[in-house]
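Visitor: Once you've had a glance at the structure underneath, I'll fire off some questions.
2 protein chains.
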Amino acid sequence: MKKQLLLAAALPLLSLSISAAAPAQRVAGQAERLREAALEDDVAWDIVEGLTTEVGPRLAGTEAEARAREWGVRKLKSLGFSNVHIETYDMPVWVRGEERAEIVSPFPQKLAVTALGNSAATPAAGLSAEVVGFASLAELEAAPDSAVRGKIVFVTHAMSPTQDGSQYGYFGAVRRTGPSVASRKGAAAIVIRSIGTDHHRNPHTGVQMWAQGVQPIPAGALSVPDAEQLERMLKRGKPITMRLTLTPRNIGVQQGGNVVAEVRGTDPDAGIILIGGHLDSWDLGTGAIDNAAGVAITAAAAKRIMDAGRPRRTIRVVWFGAEEVGGNGSDAYRTAHAKEKIVFVSESDFGADRVWRMDPGFAPANAALSDRVAAVLAPLGISRSTQPASGGADLGDWVRAGVAGVDLQQDGTRYFDYHHTPDDTLDKIDPEQLRQNVAAWTAMLSVVADAREEIARTPAR
Amino acid sequence: MKKQLLLAAALPLLSLSISAAAPAQRVAGQAERLREAALEDDVAWDIVEGLTTEVGPRLAGTEAEARAREWGVRKLKSLGFSNVHIETYDMPVWVRGEERAEIVSPFPQKLAVTALGNSAATPAAGLSAEVVGFASLAELEAAPDSAVRGKIVFVTHAMSPTQDGSQYGYFGAVRRTGPSVASRKGAAAIVIRSIGTDHHRNPHTGVQMWAQGVQPIPAGALSVPDAEQLERMLKRGKPITMRLTLTPRNIGVQQGGNVVAEVRGTDPDAGIILIGGHLDSWDLGTGAIDNAAGVAITAAAAKRIMDAGRPRRTIRVVWFGAEEVGGNGSDAYRTAHAKEKIVFVSESDFGADRVWRMDPGFAPANAALSDRVAAVLAPLGISRSTQPASGGADLGDWVRAGVAGVDLQQDGTRYFDYHHTPDDTLDKIDPEQLRQNVAAWTAMLSVVADAREEIARTPAR
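Heads up: the sequence lines are chains Z and X, in that order. Going by full-length UniProt numbering, the residue at position 373 of the first sequence is 373; the numbering climbs one at a time, nothing skipped. Going by full-length UniProt numbering, the residue at position 196 of the second sequence is 196; the numbering climbs one at a time, nothing skipped.
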C-alpha cells in the first residue's frame, strides 16, 4: 500500500523524463524518494552501535562470532526480515596468544607488535635473534639466504593513504607474501611494518597464508611508529637484537556460519539479488568499520526497500562469517547456493565513509539499467567509473562467474588508519557518511530490484 | 670574537631605536639575528631523535632513566657545554606490571586499560566486580558510600582540546583525586576515562597521590574509545561485571638524578639563568613530546647563545629527573641550590608545537626588559599575555618564591592526544614547529642573559 501511494505521488515528475520505458521510470521515481528518505536513516547506526557494543570483537570460528550470529538473527528478525536463519560450516581456527617484542640491545625498549593470522608461535619465553632489515619485499626476495638465516627479518614499505585504497593491494604483499619468503630463506621469524597509514602504536594484524611446503614461522606486525623506530635503530649500523614473543595457537576445526535474511520479491522468476558484508572481525578492535558498517548499510538499505512495499526481485542479505581469515563463509555459501538464480550481487566492506564512485558490472544488454543506477546515485556525489565491479572479497566469485553487480566504492582515505587494529571502534564512524551510504544502497537496490528488464549475465572473467 | 663581530654588524639598526638604554638595544640586535638563525636549527631534532631512539622510555628511578642520564651527559659534553654532571637523589619507585580489563558480562570483551601511578595491585588473576558509573568527579563525590562499596568505580568526563591546555587542570582532577575519593567510599577499584582528547585505544597514564590515610586500591585509566564503550554498556541498564588485572609494584628506594650543563657567563654577580625540562618520561611511549622536546629545545637554545660568545649571565640547563611521578628531581635541585643567586627561570614542558604566547613574570622594575623580550618574540607570532608566568612543574617553586621568569606557552591543541600514552613518539613532533620553539627560546635567552640591568625579584606568590 505504502509503495503505491509513493508511486502515485511521484507521477508528476515523470512527465519530465526523456528516455527509457515508462515502467522503469516509475521505479526510478521511487528510488529517488527512497534515496532522500534514507539520508535520515537511523537503522544502520543502530546496527553498528549494537553489534560493536553488545558483541564487540568477533574472531572467525570463535564463541564471539557465534554470539554475533545470534545477535544478528535477533536483530534481523526484529527489523521484519523474512527467512532469517544461520547456515553453518566447519573451519580451522587460529587464535592469538601473548604478544611482545623488545629490543634487547643496544637500545633496550619494548615495541608494539601483533601476530599476523596463521603465525607460528615462538617459545613461551620468546625468541631472541639479530634483526635484518629490508626496505621492501623485493629487497627481501633478492637477498641471499645467508643474510637471513636464523635472523628476525624486518620488512618495511611506503604505503600511503589513497581514496580508492589501492595501495593495500600493492604494499599488502609484504604481509601476504613476506612471511613465506622469509621462511623459505631460513629466517627465525619475521616482523613487518604494519600495512597501515596511521602513526599510532596499534599494530595492524591481517591474514597471511603459508605458501605450499613452507614451514610456518612466527610472523608479526610492528605498529608504524615502532617500525620507524626500528628503522632508525638499524640506520645506526650496530647489530640489533630483538626478543619476540608470540604465542598464538590453532584450536582445530570449529563451527562458523553465515546469517541470512530476505526481503521477498513478487516475481520468483526475476532472480535473486544477493548483498551483504561480513559479520566476523579481527579480535583487536570491535570491527566497526570492518565490517559492522557493511552489514549495517546493506541491511538498512534492504529494510528501506522492504518497508516501501515488496520489490519485484527477492533481496537476500547475507552477513558472511570468516571473511578476515580467508573467506570460509562466502566459500561455503557459494557452494551451497551455486544452483540458485542469483542475478545481481553487491558487497559493502570498506568502512563507513561516503560512497564516491560506482563501478558498474552489467552486461551490454543492461546498459540502460546501468544508466538508471548511475543517475540515481549522482545527486549523492557519486559518479560512474570505467572500472568494472569486482564484487569484493565475499561476492567476487559470483562476479567472476558472470553475475551482474555494482561496487559502491567508499572513500578509503582514512580506512587504513584503523583497519585491523584495536582502533577499529565505533567512534571512527561518522553518522552522516554512514547515512549517505545507506542512501546510495537504497537507491541502487530500488532501481535494480524493481527493474522490469531481465538482468543478464556478463561475460565470465 | 664572534659575538663582537655580530654586535658591530647590528649597529646600523640601533639608530632606529626609540627607547631604553643603548647597551640593552645592542643586545636586542643580536637576539634578532640569533632568532632568525635558530629557525634553521637541527640540534633540537638531533637530541629528540637520539634520546627517543637510543634510550626510548625512561621511567623515573629505573635503569632506563639512568641510561638517559648517561646519554644526556655524553650529548651535552659533545655539544660543548661546561660543567656537565649528574646530581643524584633517592626516591621511592613504582613500576607497572600486567594490565588487563575485560567485561565479563553481559557483553564479554576486552578493554584497553593502563594503571595510574601509585595504583595498588589486584590479585594476579584479577578482581571481578560490578561497575558503577559516574558522569563526573562531582557525581562520585556526591554518591553515598553504599552505591560504591565493593564495586569498580568508573568516572568519565568531558575534556576537550584547547590551545592553552587549561582543561587538563580541571578535568585532570578525575585522575588526581578520583582514586582517593573512590577508596574512601569503599570501592574495590577505580577506572577512569583517560585524561586525553584523542580517540585511540591507547590509555593515558599519569600520577596520582593517595590522600592522607587512604587505603591504596587498584586505579586505572581506560582509553577514550573504551570509556565510551563502557558508557554505552552502562546506558543499557543491565549490571556490568568487569574483571580488572593490574599488577604494578613498589620496588623501594632507588637513585634518580638531574643532568646539569652550563654556558658560563662573563659576570658572576649578574646571577644565574636556570632553564630546562625533564628527562624522565612515562614508560608507555618514548617521551618525545613529554619531554624530550623540552630538554632539546632548552639545550639547543642555550648552545646557540654559547656559540655566539659568552653571555653576561651563566645559563644553566637542567634536565630534571622524576617530573612525572611527583617532581623528586626538581625538589632535590631546589633544596641543594636554594642559596644560589638564581635570577631568572624558564621551563619547556608542553610538547613541541609552536610557541604562541609569552606569559611574563618580571618585577615592575624590569618592565623594559619584559618589553624587549616581547618585542623579539613578536615576529615569531608570539604575543605577550597578561597571565603571569608560572614556571611550570619543575621551576614553579622558584617563581612562587619570587624569582623572575617567562613561560613560552606552546600550542596544546593536540598535546593531550598523545600525553602519557604509548603514542608519545618521535613522529608526533613537527620539525618546523620544533625550530620555532628553539628560535623563541634563543631570542628570549639572548635578551635576558645579556640584559645590562639587574633582574629583580618579584613579589613572592
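The C-beta atom is built at its ideal place from N, Cα and C for all residues, glycine as well. Here the structure is a predicted model, which means the values were calculated and not measured.
1. Please report the distance separating the alpha-carbon of Z:Arg243 from that of Z:Ala301.
2. Any C-beta of chain Z sitting closer than 9 Å to the C-beta of X:Thr421?
3. Quick one: which chain X residues come within Cβ less than 7 Å of Z:Phe320?
4. Does the structure place the stretch 318-331 of chain Z close enough to the stretch 273-286 of chain Z that three or more beta carbon pairs sit under 8 Å?
5. Answer with buried or exposed for Z:Asn250, where buried requires no fewer than 16 other C-beta atoms within 10 angstroms of its C-beta.
6. Just reading off the alpha helix (DSSP H) that residue 471 of chain X is part of, what are its end residues?
7. I believe Z:Arg264 touches Z:Ser82 by the beta-carbon criterion, under 8 Å. Please report the beta-carbon distance rounded to the nearest angstrom.
8. Please say whether Z:Ala189 and Z:Leu246 have beta carbons closer to each other than 9 Å?
9. Counting only C-beta atoms, is Z:His200 closer than 9 Å to chain X at any point?
10. Does DSSP put Z:Asn83 in a helix, a strand or coil?
11. Can you name, in chain order, every residue of its own chain whose Cβ lies under 6 Å from the Cβ of X:Arg354, other than the five neighbours on each side?
12. Short of 7 Å in beta carbon distance, which residues of its chain neighbour X:Val214, apart from the five on each side in sequence? Order them along the chain.
13. Name the chain Z residues whose beta carbon is nearer than 9 Å to that of X:Ala389?
14. What whole-angstrom Cβ distance do Z:Gln208 and Z:Ala219 have, given they're in contact under 8 Å?
15. Z:Lys339: which of Z:Gly271, Z:Ala296 and Z:Trp319 sits nearest, CA to CA?
16. Measuring only between beta-carbons, confirm whether X:Gln25 sits less than 9 Å from chain Z.
17. Can we say the stretch 443-458 of chain X touches the stretch 358-377 of chain X, given the rule of at least three CB pairs closer than 8 Å?
18. From X:His337 to X:Lys151, what distance separates their C-alpha atoms?
19. Which of the three DSSP states, helix, strand or coil, is assigned to Z:Val132?
20. Kindly say whether X:Phe107, judged by its beta-carbon, lies nearer than 9 Å to any beta-carbon of chain Z.
21. Just mark X:Val399 as buried or exposed, buried being the case when its beta carbon has 16 or more other beta carbons within 10 Å.
22. Any idea if residue 467 of chain X is buried or exposed, counting beta-carbon neighbours within 10 angstroms, 16 or more meaning buried?
23. So what's X:Lys339 in DSSP terms, helix, strand or just coil?
24. Just to confirm my understanding: we take Z:Ala120, look at its own chain, exclude 5 residues before and 5 after, and list those with CB closer than 6 Å. What are they?
25. Report the option in X:Thr177, X:Pro92 and X:Arg304 whose CA atom is closest to the CA atom of X:Glu40.
26. Leaving aside the five residues before and after Z:Gln255 along the sequence, list all residues of the same chain whose C-beta is less than 7 Å from its C-beta, in chain order.
27. What is the residue span of the alpha helix (DSSP H) that Z:Ile382 lies within?
28. I'd like the span of the alpha helix (DSSP H) that includes Z:Glu139, first residue to last.
29. Would a C-beta distance cut-off of 9 Å place X:His204 and X:Thr413 closer than the cut-off?
30. Quick check on the DSSP output: what are the complete alpha helix (DSSP H) runs of length 4 or more inside the stretch 379-443 of chain X, in order along the chain?
31. For X:Val55, which option in Z:Gly133, Z:Gln229, Z:Val43 and Z:Leu34 has the closest C-alpha, if you only look at C-alpha atoms?
32. What residue range does the beta strand (DSSP E) around Z:Gln255 cover?
33. Would you check if the stretch 316-323 of chain Z and the stretch 355-370 of chain Z touch, i.e. whether three or more CB-CB distances between them fall below 8 Å?
34. Just mark X:Ser166 as buried or exposed, buried being the case when its beta carbon has 16 or more other beta carbons within 10 Å.
35. What residues from the stretch 232-243 of chain X come within 7 Å of chain B, judged by C-beta to C-beta, listed N to C?
36. Any beta-carbon of chain X closer than 9 Å to the one on Z:Ile195?
Guide: According to the structure shown:
1. For the purposes of this step, residue 243 of chain Z is identified with residue 243 of the first sequence, where counting begins at 1. For the purposes of this step, residue 301 of chain Z is identified with residue 301 of the first sequence, where counting begins at 1. Rounded to the nearest whole angstrom, the C-alpha separation of Z:Arg243 and Z:Ala301 is 49 Å.
2. For the purposes of this step, residue 421 of chain X is taken as residue 421 along the second sequence, with counting starting at 1. Flagged as an interface residue toward chain Z: X:Thr421, by a C-beta distance shorter than 9 Å.
3. In the first sequence, residue 320 of chain Z corresponds to position 320, counting from 1. Taking a Cβ-Cβ threshold of 7 Å, none of the residues of chain X is close to Z:Phe320; the smallest such distance is about 21 Å.
4. Result yes; three or more Cβ-Cβ pairs closer than 8 Å.
5. Mapped onto the first sequence, residue 250 of chain Z falls at position 250. The residue in question, Z:Asn250, is exposed, as its Cβ has fewer than 16 Cβ neighbours within 10 Å.
6. The structure shown has nothing for residue 471 of chain X, since chain X only spans 1 to 461.
7. Residue 264 of chain Z sits at position 264 when you count from the first residue of the first sequence. Residue 82 of chain Z sits at position 82 when you count from the first residue of the first sequence. About 5 Å; that satisfies the 8 Å criterion.
8. Translated into positions along the first sequence, residue 246 of chain Z becomes position 246. Translated into positions along the first sequence, residue 189 of chain Z becomes position 189. Taking 9 Å as the Cβ cut-off, Z:Leu246 and Z:Ala189 qualify as a contacting pair.
9. Taking the first residue of the first sequence as position 1, residue 200 of chain Z is located at position 200. Z:His200 counts as touching chain X.
10. Translated into the one-based positions of the first sequence, residue 83 of chain Z becomes position 83. In the structure shown, Z:Asn83 sits in a strand (DSSP, three-state: E or B).
11. Position 354 of the second sequence holds residue 354 of chain X. Leaving aside the five residues that flank X:Arg354 on each side, the residues in its chain whose CB is nearer than 6 Å to its CB run, in chain order, Asp411, Gln433 and Gln436.
12. Within the second sequence, residue 214 of chain X is the residue found at index 214, counting from 1. Excluding sequence neighbours, X:Val214 sits near Ser180, Ser183 and Arg184.
13. The residue given as residue 389 of chain X occupies position 389 in the second sequence. Those within 9 Å of X:Ala389 in chain Z number zero; the least Cβ separation is about 33 Å.
14. Walking along the first sequence from the start, residue 208 of chain Z turns up at place 208. Walking along the first sequence from the start, residue 219 of chain Z turns up at place 219. That pair is a contact at about 6 Å.
15. Along the first sequence, one-based indexing puts residue 339 of chain Z at 339. Nearest C-alpha to Z:Lys339: Z:Gly271.
16. Translated into positions along the second sequence, residue 25 of chain X becomes position 25. Unreliable placement is indicated for X:Gln25, whose pLDDT of 48 sits below 50; the coordinate value is still reported in the next sentence. Using a Cβ-Cβ cut-off of 9 Å, X:Gln25 does not count as an interface residue toward chain Z, since no Cβ of chain Z sits closer than that to its own.
17. Between the stretch 443-458 of chain X and the stretch 358-377 of chain X there are three or more inter-stretch CB-CB distances shorter than 8 Å, so the stretches are counted as touching.
18. If you number the second sequence from 1, residue 337 of chain X lands on position 337. If you number the second sequence from 1, residue 151 of chain X lands on position 151. A straight line joining the alpha-carbon of X:His337 with that of X:Lys151 spans about 47 Å.
19. As a working note, residue 132 of chain Z is residue 132 in the first sequence. Z:Val132 sits in a strand when the DSSP states are folded into three classes.
20. As a first step, residue 107 of chain X is located in the second sequence; it is residue number 107 there, counting from the start. Taking Cβ atoms only, chain Z reaches closer than 9 Å to X:Phe107, which makes this a yes.
21. Stepping through the second sequence from its first residue, residue 399 of chain X is reached at position 399. By the C-beta density criterion, X:Val399 is buried, having at least 16 other C-beta atoms within 10 angstroms.
22. Residue 467 of chain X falls outside the range modelled here, since chain X spans only 1 to 461, and no answer is possible.
23. The residue given as residue 339 of chain X occupies position 339 in the second sequence. Three-state DSSP puts X:Lys339 in coil, outside helix and strand.
24. Counting from 1 along the first sequence, the entry for residue 120 of chain Z is found at position 120. Answer for Z:Ala120: Pro216, Ile217 and Pro218, listed in chain order.
25. Walking along the second sequence from the start, residue 40 of chain X turns up at place 40. Residue X:Arg304 is the option with its Cα nearest to X:Glu40.
26. Translated into the one-based positions of the first sequence, residue 255 of chain Z becomes position 255. Within its own chain, the residues whose Cβ lies closer than 7 Å to the Cβ of Z:Gln255, once the five positions on either side in sequence are excluded, are Thr88 and Asp90, listed in chain order.
27. Against the first sequence, residue 382 of chain Z aligns to sequence position 382. Neither: Z:Ile382 is in no alpha helix (DSSP H) and is coded neither H nor E.
28. Locating residue 139 of chain Z in the first sequence gives position 139, where the first residue counts as 1. Residues Leu137 to Ala142.
29. For this step, residue 204 of chain X is matched to residue 204 along the second sequence. For this step, residue 413 of chain X is matched to residue 413 along the second sequence. 9 Å or more divides the Cβ of X:His204 from the Cβ of X:Thr413.
30. Here the runs fully enclosed are 392-400 and 415-418.
31. Mapped onto the second sequence, residue 55 of chain X falls at position 55. Comparing alpha-carbon positions, the option among Z:Gly133, Z:Gln229, Z:Val43 and Z:Leu34 lying closest to X:Val55 turns out to be Z:Gln229.
32. By one-based count along the first sequence, residue 255 of chain Z stands at place 255. Counting along the chain, the beta strand (DSSP E) containing Z:Gln255 begins and ends at Arg249 to Val263.
33. Contact fails: fewer than three Cβ-Cβ distances are below 8 Å.
34. For the purposes of this step, residue 166 of chain X is identified with residue 166 of the second sequence, where counting begins at 1. Its Cβ having fewer than 16 others within 10 Å, X:Ser166 is exposed.
35. The structure shown contains no chain B; the protein chains it does contain are Z and X.
36. Within the first sequence, the letter at position 195 stands for residue 195 of chain Z. Among the CB atoms of chain X, none fall inside 9 Å of the CB of Z:Ile195.
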